[in-house]
Amino acid sequence: MASLSQAKTLGGVGSILVLLGAIPNIGFVLAIVGFILILIAVKNVSESVNEPAIFNDMIIAVVLAIIGIVVFGVIVVVAFFSFFNFRQFGTVTPGSVPPSVLGAIGLLIVGLVVV
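Numbered as in my numbering, the sequence shown ends at 163 without a single skipped number.
Rendered as structure tokens:
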């Protein structure tokens with residue numbers, strides 16, 4: 049069982065790595081490693097205070113975050129393809145908004161609400 053000071057160190061390093069996730073090319077890997085270190089730190093804290101609900105809640109949060117990211121990605125792809133639905137560009141009167149644009153904007157709003 050790790051001490052709270054070790055958990056603090058792991059969580060701090062993990063948080064810094066998550067912040068470095070904005071670095072091009074390698075940032076994505078650093079962010080994932082950072083999230084894993086934070087997860088390990090939360091596990092250590094949960095064991096130190098003898099409260100397993102802390103770690104269980106963290107696992108639920110991670111799973112829901114992954115599901116949210118996947119759903120948002122699917123919605124963005126669907127919105128992209130609905131925006132470029134070329135069949136409707138010929139039927140739009142000048143000065144009006146094509147229905148595909150409205151659908152794409154609506155899907156992106158739904159995606160942001162989901163996340």
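Quick reminder that beta carbons are idealized off the backbone N, C-alpha and C, glycines included.
Note that this is a predicted model, so its numbers are computed, not measured.
- In the structure shown, E95 falls within a helical segment according to DSSP collapsed to helix, strand and coil.
- With contacts defined as CB atoms closer than 8 Å, G159 and F120 qualify as a contacting pair.
- In this structure, DSSP gives A50 a state outside helix and strand, which the three-state scheme calls coil.
- Closest option to L58, judged by alpha-carbon separation, among G82, V77, V149, I74: G82.
- Assigned with DSSP and collapsed to three states, P100 falls in helix.
- Rounded to the nearest angstrom, the gap between the Cα atoms of A79 and V93 is 21 Å.
- G116 is not a Cβ neighbour of S130, given a cutoff of 8 Å.
- Here V118 is exposed: its Cβ has fewer than 16 other Cβ atoms, across all protein chains shown, within 10 Å.
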